[in-house]
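Below: the structure, in structure tokens.
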Amino acid sequence: MIEEHGERTLCNHPIVLKDDVEKFALDWNYRSNEPENFDKSTSSDITWSISDGKTLESTTGVIELGFFIPGNSNKRYLGIWYKNIPTDRVVWVANGANPINDSSAIKKQAQNPVAELLDNGNFVVRNEEETDPDAYVWQSFDYPSDTLLTGMKLGWDLRTGMEQKITSWRSPDNPSPGDFSWDLMLYNYPEFYLMNGTQKFYRIGPWNELHFSGVSNQNSNWLYELKHVSNKDDMFYSYTLKNNSEPITDSRVCQCLKGFNPKSPQESSQGCVRNKPLTCKDNYKDGLCRPENTRYYTNLAG
Numbered sequence: 001m002i003e004e005h006g007e008r009t010l011c012n013h014p015i016v017l018k019d020d021v022e023k024f025a026l027d028w029n030y031r032s033n034e035p036e037n038f039d040k041s042t043s044s045d046i047t048w049s050i051s052d053g054k055t056l057e058s059t060t061g062v063i064e065l066g067f068f069i070p071g072n073s074n075k076r077y078l079g080i081w082y083k084n085i086p087t088d089r090v091v092w093v094a095n096g097a098n099p100i101n102d103s104s105a106i107k108k109q110a111q112n113p114v115a116e117l118l119d120n121g122n123f124v125v126r127n128e129e130e131t132d133p134d135a136y137v138w139q140s141f142d143y144p145s146d147t148l149l150t151g152m153k154l155g156w157d158l159r160t161g162m163e164q165k166i167t168s169w170r171s172p173d174n175p176s177p178g179d180f181s182w183d184l185m186l187y188n189y190p191e192f193y194l195m196n197g198t199q200k201f202y203r204i205g206p207w208n209e210l211h212f213s214g215v216s217n218q219n220s221n222w223l224y225e226l227k228h229v230s231n232k233d234d235m236f237y238s239y240t241l242k243n244n245s246e247p248i249t250d251s252r253v254c255q256c257l258k259g260f261n262p263k264s265p266q267e268s269s270q271g272c273v274r275n276k277p278l279t280c281k282d283n284y285k286d287g288l289c290r291p292e293n294t295r296y297y298t299n300l301a302g
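Numbering (full-length UniProt numbering), first residue to last: 1 to 302.
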């Protein structure tokens with residue numbers, strides 16, 4: 001249940017309750033209250049709040065939830081970010097389309113649920129008496145922003161008709177939904193499209209149980225594992241990390257072919273150069289020969 005204050009709602013995320021809806025409510029206020037400092041990841045108090053300038057941390061302190069101001073904007077948003085990454089760190093925004101225009105932001109929760117910010121970036125709410133650790137009344141992973149986090153789903157909950165997709169920010173200063181999004185189209189062979197508004201901008205082909213047919217290099221590897229679930233209740237894709245502590249700067253991420261070295265050891269995007277120059281004469285250059293009489297086929301169905 002989302003309550004409105006001041007003729008606007010700061011969050012569009014519905015919360016579905018199986019029993020008495022009065023057991024739980026999210027109250028998004030922006031009135032000036034005495035700040036409270038919450039430095040732990042969970043709370044089961046009757047009421048708790050996070051005011052502007054205060055944050056809620058995950059158990060290990062990797063993830064934070066709080067209010068932030070993007071770029072050169074003067075508006076405030078409730079978001080989740082990696083605490084120790086200095087730039088481009090916000091991975092989820094609650095009220096992207098409904099910003100707060102002043103500094104008296106308060107996020108307040110009432111009744112008797114337990115809220116927890118997990119280390120994977122998921123902000124969850126569960127009943128205090130619930131014994132199943134994965135039984136959530138509400139979770140932020142059901143409402144992706146512009147970042148796909150490990151364990152987050154992209155696809156459809158076929159029982160409720162809810163689509164889970166990532167959507168670009170409007171601009172670096174405005175996290176409201178932009179024009180581009182990743183959408184899973186439920187064709188006979190479901191596949192992802194990069195959408196520009198209502199126009200199909202790019203497609204990656206159907207899943208063939210190993211990878212997406214249009215991008216064969218996007219299969220499970222040493223760093224992550226892709227997951228595909230398709231049944232009467234769900235149709236989604238997700239990924240999990242194989243080792244949370246694996247350094248992504250490892251040479252396996254990007255390395256030069258035999259006989260080549262990185263042009264810049266600090267910046268791999270600059271490409272590779274030969275260890276030894278070619279012995280070609282000055283009038284000749286090395287390169288690739290364009291093949292003749294070659295045809296290419298693609299499936300444009302869907």
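Glycine included, C-beta positions come from ideal geometry on N, C-alpha and C.
None of the values given here were measured: they were computed from a predicted structure.
Given that a residue counts as buried once 16 or more other Cβ atoms are within 10 Å of its Cβ, and exposed if not, what is residue i?
i: N122; result: buried
i: P99; result: buried
i: G161; result: exposed
i: D52; result: buried
i: S181; result: buried
i: N261; result: exposed
i: G6; result: Unreliable placement is indicated for G6, whose pLDDT of 31 sits below 50; no coordinate value is reported for it.
i: A135; result: exposed
i: F201; result: exposed
i: Q229; result: Strictly speaking, residue 229 in this sequence is Val, with Gln absent from that position. Per the 10 Å Cβ criterion, exposed.
i: R159; result: exposed
i: R126; result: buried
i: P265; result: exposed
i: V90; result: buried
i: V124; result: buried
i: L278; result: exposed
i: P291; result: exposed
i: G79; result: buried
i: Y30; result: Annotation note: pLDDT 29 at Y30 (below 50); position unreliable, coordinate value reported separately. Burial call: buried.
Verify the CB distance criterion: does residue i have a CB-CB separation below 7 Å to chain B?
i: N120; result: In the structure shown, chain B does not exist; there is a single protein chain.
Considering residue i, what are the terminal residues of the beta strand (DSSP E) in which it resides?
i: F192; result: E191 to N196
i: N231; result: Careful: N231 lies outside any beta strand (DSSP E) and carries neither H nor E.
i: Q199; result: Q199 to P206
i: N261; result: F260 to P262
i: C289; result: Here C289 belongs to no beta strand (DSSP E), and DSSP marks it neither H nor E.
i: C272; result: C272 to R274
Would you please state the rounded distance, in angstroms, between the beta carbons of residue i and residue j? I believe it to be under 8 Å.
i: F212; j: G155; result: Going by Cβ atoms, the distance from F212 to G155 rounds to 13 Å, so no, they are not a contact pair.
i: L184; j: F192; result: 6 Å
i: S168; j: W92; result: Not quite, the Cβ-Cβ distance comes to about 14 Å (not below 8 Å), so this is no contact.
i: G96; j: Y77; result: 7 Å
i: I69; j: L117; result: Between L117 and I69 the Cβ distance is about 20 Å, and since that is not below 8 Å, they are no contact.
i: D179; j: Q164; result: Actually they do not touch by this definition, with Cβ atoms about 19 Å apart.
i: G259; j: R274; result: 6 Å
i: I166; j: L148; result: 6 Å
i: G214; j: I204; result: 4 Å
**Prompt:** Which runs of the beta strand (DSSP E) spanning at least 3 residues fall entirely within the UniProt domain "Bulb-type lectin" (41-182), listed in chain order?
**Reply:** 48-51, 55-57, 63-68, 77-82, 90-93, 106-111, 113-117, 123-127, 154-157, 162-164 and 167-171
**Prompt:** Within the chosen definition, does the region 226-242 reach the region 155-175 through at least 3 CB pairs nearer than 8 Å?
**Reply:** yes
**Request:** Taking 8 Å as the threshold, find out whether the region 127-134 comes into contact with the region 202-211 through three or more Cβ pairs.
**Result:** no
**Asked** Does the region 56-73 come close enough to the region 165-173 that 3 or more CB-CB pairs lie under 8 Å?
**Response** yes
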